[in-house]
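The structure appears right after this line, and notes come after that.
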Amino acid sequence: MQRVMPSLPYPSRWGLSVEISGRPVLWGVLIIDSVTEGRVIGTVNFRGTPIRINGTWNENAKQLFFDSPYASYSGQLQIFDDTQIKVRHLILSGRFIMKPPSSQAGVYGNWIATTDKELTGTPINTGALPPVGAFLTSDLLYGTGPR
């Protein structure tokens with residue numbers, strides 16, 4: 046039996062931006078260590094300390110759900126292929142809610158995370174530009190963005 050790799054790459058490192066009321070409040074890194082039979086394990090790191098996450102990946106719907114001790118996240122994967130430079134941009138974006146013990150428990154916001162990898166094979170989506178947040182999180186991923 047051949048195993049099919051999910052479209053959510055692992056291990057992978059993503060630049061991550063979190064905003065509340067349209068204002069960026071945190072920048073960091075999302076690490077996805079593994080995706081096995083729909084189960085996701087990794088970390089988020091906003092202030093220098095990795096925080097464990099656990100979640101689920103729905104390959105058919107391209108949806109990710111994960112929890113940290115402080116927030117619950119839900120998001121959708123989008124793929125943008127740049128055939129000229131042979132890069133596949135992967136973008137996760139969605140909503141989150143803060144939960145206890147956070148002092149902001151109950152507060153909702155938006156998040157976006159991006160990573161990229163070499164484009165091999167047939168392009169999937171070349172018709173549109175990624176959202177603006179993709180460029181900021183790309184800077185975070187490569188160490189040139191806000192700290």
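In this note's numbering, each number is its position in the sequence shown, counted from 1, plus 45.
In this text, a Cβ means the ideal position worked out from N, Cα and C, and glycines have one as well.
Counting only residues of its own chain and dropping the five nearest sequence neighbours on each side, residue 86 has a CB closer than 7 angstroms to the CB of 78, 79, 99. In the DSSP assignment, residue 130 falls outside any beta strand (DSSP E) and carries neither an H nor an E. In the structure shown, residue 141 falls within a strand segment according to DSSP collapsed to helix, strand and coil.
Under the 8 angstroms Cβ criterion, the segment 121–132 does not count as touching the segment 140–155, having fewer than three qualifying pairs. Judged by their CB atoms, residue 59 and residue 137 are nearer to each other than the 8 angstroms cut-off.
If you ignore the 5 residues before and after residue 51, its C-beta comes within less than 7 angstroms of the C-beta of 80, 102, 104, all in its own chain and listed in chain order.
In the displayed model, residue 94 falls within coil according to three-state DSSP, outside both helix and strand. For residue 113, the CB contacts under 8 angstroms within the same chain, skipping 5 residues up- and downstream, are 89, 96, 97, 98 in chain order.
Secondary structure note for residue 73: its beta strand (DSSP E) is the uninterrupted segment 68–81. For residue 63, the enclosing beta strand (DSSP E) begins and ends at 57–65. DSSP places residue 169 in the coil class of the three-state scheme, outside both helix and strand.
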